[in-house]
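Participant: The listed protein sequences correspond, in order, to chains E and C.
Heads up: the first sequence at position 69 corresponds to 49 in the numbering used here, and the numbers run straight through without jumps.
Heads up: the second sequence at position 108 corresponds to 88 in the numbering used here, and the numbers run straight through without jumps.
Okay, here's the structure, questions in a sec.
Protein chains: 2
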Amino acid sequence: MSSPASQPDAARHLERAVGLAVANVADGGGPFGAVVVMPDGRTFDGVNRVTRDNDPTAHAEVVAIRRAAAETADFDLHGAVLYASCEPCPLCLAAALWARVGAVHFAADRRDAAAAGFDDAVFYEYFDGADRSLMPVAHVDLAGSGRPFEAWAAFAGRIEY
Amino acid sequence: MSSPASQPDAARHLERAVGLAVANVADGGGPFGAVVVMPDGRTFDGVNRVTRDNDPTAHAEVVAIRRAAAETADFDLHGAVLYASCEPCPLCLAAALWARVGAVHFAADRRDAAAAGFDDAVFYEYFDGADRSLMPVAHVDLAGSGRPFEAWAAFAGRIEY
């Protein structure tokens, strides 16, 4: 069961995320910070490291989620709450969904991000399905495409996630 | 400019992705594989490592994208094509968008994944906006939420991405 943070807690965690974001700019990273708060109160920070790590997925929220999972040695962050300096983009929302994060709070929003030159808004539109021309996704009929799932069903040692 | 792969090439890369997925099951990972093909023909593989690495974001496509970016020392994979053993979930699509991947080809589809017990279909619905109760996302008014973007605009050494 997740226990939603009280409003003063939410503001405190968001202020930390914003502070991380400001500090990250001087460190040469993008202007984004995030904090994952576990049900037991442990916190894990993340900052945007896309350009420093040459990792297009190293958004602050993803970094915080990856760190929380690694340090708790559990890919399932059930009941955790994610605090982000800015509205999470689809990458970060999907990462939080897969991590079973229970709720997300953010400070600045997608329009603020767009005004600062970030593409989140375009990517939201992509998921809205209005226009996929930005990156076409095509199904290819392939004999044997079911083999991985057959192997998975047959493998007694599988760890579900 | 991305140069779309010819159909025989697409089948060959998808067969490789499917083979990686099958092999990954025996290695204790999820039944997913992916290949990033760069415009110059270099290829970078990925397999699902969620449970082995305790990383909820370590989907095959994300792993392949991260590897391609790290090994080419460039967070921008403009013109690359992503081949996936199964239809990429929203996490993987968003990672590909941010990486500026030009096109995606996949073999098995989201219904195959759902039949095998994976939540991709539910997450697609989340992005369709029909039901956000799975993970509520809330804006919190916070004084100073614009500070990171102000710092970004003022920082002469920023690297845009």
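A virtual CB, placed ideally from N, CA and C, is assigned to each residue, including glycine.
(1) The region 67 to 79 of chain E: which residues have C-beta closer than 9 Å to a C-beta of chain C, in chain order?
(2) Within 8 Å of any Cβ in chain C, is that where the Cβ of E/Arg90 sits?
(3) Using DSSP with H/G/I as helix, E/B as strand and the rest coil, what is C/Phe55?
(4) Taking Cβ-Cβ distances shorter than 8 Å, what residues in chain C pair up with E/Ser113?
(5) Quick one: does C/Met(-19) have its CB under 8 Å from some CB of chain E?
(6) Please give me, in chain order, every unbroken run of the beta strand (DSSP E) with length at least 3 that falls completely inside the region 33 to 92 of chain E.
(7) Cα separation between E/Asp56 and E/Arg80?
(8) Listing by chain order, which chain C residues have their CB less than 7 Å from the CB of E/Gly97?
(9) With E/Asp100 as the anchor, note down where its alpha helix (DSSP H) starts and where it stops.
(10) Starting from E/Ala14, trace the alpha helix (DSSP H) both ways and give me its first and last residue.
(11) Let me make sure I understand the geometry here. Which of E/Asp35, E/Ala64, E/Ile139, E/Ser113 has the alpha-carbon closest to that of C/Glu51?
(12) Can you pull out the residues from the region 15 to 30 of chain C whose beta carbon lies closer than 7 Å to at least one beta carbon of chain E?
(13) If you draw a straight line from the C-alpha of E/Ser(-17) to the C-alpha of E/Gly59, how long is it?
(14) Smallest Cα separation from E/Cys72: which of E/Val117, E/His(-7), E/Val43?
(15) State yes or no: is the C-beta of C/Phe135 within less than 8 Å of the C-beta of E/Ala93?
(16) Would E/Val148 pass as a contact of C/Leu122 if the rule is Cβ separation under 8 Å?
(17) Just to confirm my understanding: we take E/Gly155, look at its own chain, exclude 5 residues before and 5 after, and list those with CB closer than 8 Å. What are they?
(18) In the DSSP assignment, what residue or residues form a beta bridge with C/Thr23?
(19) Would you kindly work out how many angstroms separate the C-alpha atoms of C/Arg91 and E/His119, rounded to a whole number?
(20) Taking CB distances under 8 Å as the criterion, tell me whether E/Asp54 reaches chain C.
(21) Could you list which residues in chain E have their beta carbon closer than 8 Å to that of C/Gly82, in chain order?
(22) Can you give the beta carbon distance from C/His(-7) to C/Val15, rounded, assuming they're within the 8 Å contact cut?
(23) State buried or exposed for C/Ile45, treating a residue as buried only when at least 16 other CB atoms are found within 10 Å of its CB.
(24) Bridge partners for C/Ala118 per DSSP, in chain order?
Facilitator: With the given structure in hand:
(1) Flagged, chain order: Glu67, Pro68, Cys69, Pro70, Leu71, Cys72, Leu73, Ala74, Ala75, Ala76, Leu77, Trp78, Ala79.
(2) Chain C contact via Cβ: absent.
(3) Reduced to three states, the DSSP call for C/Phe55 is coil.
(4) Simply none; closest approach about 11 Å.
(5) Note that C/Met(-19) scores 36 on pLDDT, short of 50, meaning its location in the model is unreliable and no value can be drawn from it.
(6) You should have 61 to 66, 83 to 88.
(7) When rounded, the distance between both Cα atoms is 6 Å.
(8) Neighbours of E/Gly97 on chain C, chain order: Glu140.
(9) 100 to 108 is the span of the alpha helix (DSSP H), which, as asked, contains E/Asp100.
(10) No alpha helix (DSSP H) holds E/Ala14; the beta strand (DSSP E) holding it covers 13 to 17.
(11) Taking only the C-alpha atoms, the option nearest C/Glu51 is E/Asp35.
(12) Within the region 15 to 30 of chain C, the residues whose Cβ lies closer than 7 Å to some Cβ of chain E are Val30, listed in chain order.
(13) With a pLDDT of 43 at E/Ser(-17), under the threshold of 50, the modelled position of this residue cannot be trusted, and the question is left open.
(14) E/Cys72 has its Cα closest to that of E/Val43, out of E/Val117, E/His(-7), E/Val43.
(15) For C/Phe135 and E/Ala93, no; Cβs fall outside 8 Å.
(16) Look at the range of chain E in this structure, -19 to 141, and you will see that residue 148 of chain E is not part of it.
(17) Because chain E here runs from -19 to 141, residue 155 of chain E falls outside it and cannot be looked at.
(18) DSSP, once it has assigned bridges, lists C/Val17 as partnering C/Thr23.
(19) About 13 Å.
(20) It does: the Cβ of E/Asp54 has a partner Cβ on chain C nearer than 8 Å.
(21) Within 8 Å Cβ-Cβ: Met115.
(22) Their Cβ separation, rounded to whole angstroms, is 5 Å, which keeps C/His(-7) and C/Val15 in contact under 8 Å.
(23) Result: buried.
(24) BP columns for C/Ala118 point to E/His85.
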